[in-house]
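Asks: Numbering-wise (my numbering), the sequence shown opens with residue 4 and increments by one. Idealized CB from N, CA, C, for every residue including glycine.
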Amino acid sequence: MEVIHKIGRRKTAVARVYVAKGKGNITVNKKDMAVYFPTATLQYKVNQPLTMTNNDGNFDITINVFGGGITGQAEAIRLALSRAMCEVDAENRLILKPEGLLTRDPRMVERKKFGQKKARKKFQFSKR
């Protein structure tokens, strides 16, 4: 098996995932995953596609991720890993699709409008 390369996005975060046969090492931006994602919730999000398809320790995964916050980055990685698991075995799609792991979340930050404080918040109007 050669290296599988997939991309995942969430908000403004972009993750590039490289999956190759190995012992289960996950490296995020040249750091161990446990160092890069300190909380158990974020680690669970990253590992979710692997555990659902029973591929926990089968692959060495190298991840480059940038943009957005730490949660958006974790969810971008989850989408990219889900896409990679579908390429490893087509049967994995039947497992991941009903859980919504192959759907790109379209929600983005609404832009700020001119003449307003934020996207929807207005300046206070005083009438004297």
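Just verifying my parser: in three-state terms, what is the DSSP assignment at V20?
Replies: Residue numbering aside, residue 20 sits at position 17 when the sequence shown is read from its first letter. If DSSP states are grouped into helix, strand and coil, V20 belongs with the strands.
Asks: In chain order, which continuous runs of the alpha helix (DSSP H) of length 4 or greater are located wholly inside the region 50–128?
Replies: If we require 4 residues or more, the alpha helix (DSSP H) runs fully inside the region 50–128 come out as 73–91, 95–99.
Asks: Taking the alpha-carbon of M36 as reference, which of Q51, T106, I66 has the nearest alpha-carbon?
Replies: The sequence position of residue 36 within the sequence shown is 33, counting from 1. Ranking the options by Cα distance to M36, first place goes to I66.
Asks: Out of R107, F117, F62, which has the shortest C-alpha to C-alpha gap to A16?
Replies: Here residue 16 is taken as the residue at index 13 of the sequence shown, counted from 1. Comparing Cα-Cα distances from A16 to each of R107, F117, F62, the minimum goes to R107.
Asks: Note down the Cα distance separating K14 from R131, rounded to an integer number of angstroms.
Replies: The residue you call residue 14 lines up with position 11 of the sequence shown. The residue you call residue 131 lines up with position 128 of the sequence shown. Whole-angstrom Cα-Cα distance: 43 Å.
Asks: Quick check on the DSSP output: the beta strand (DSSP E) that includes V31 runs from which residue to which?
Replies: Within the sequence shown, residue 31 is the residue found at index 28, counting from 1. Segment 29–31, the beta strand (DSSP E) holding V31.
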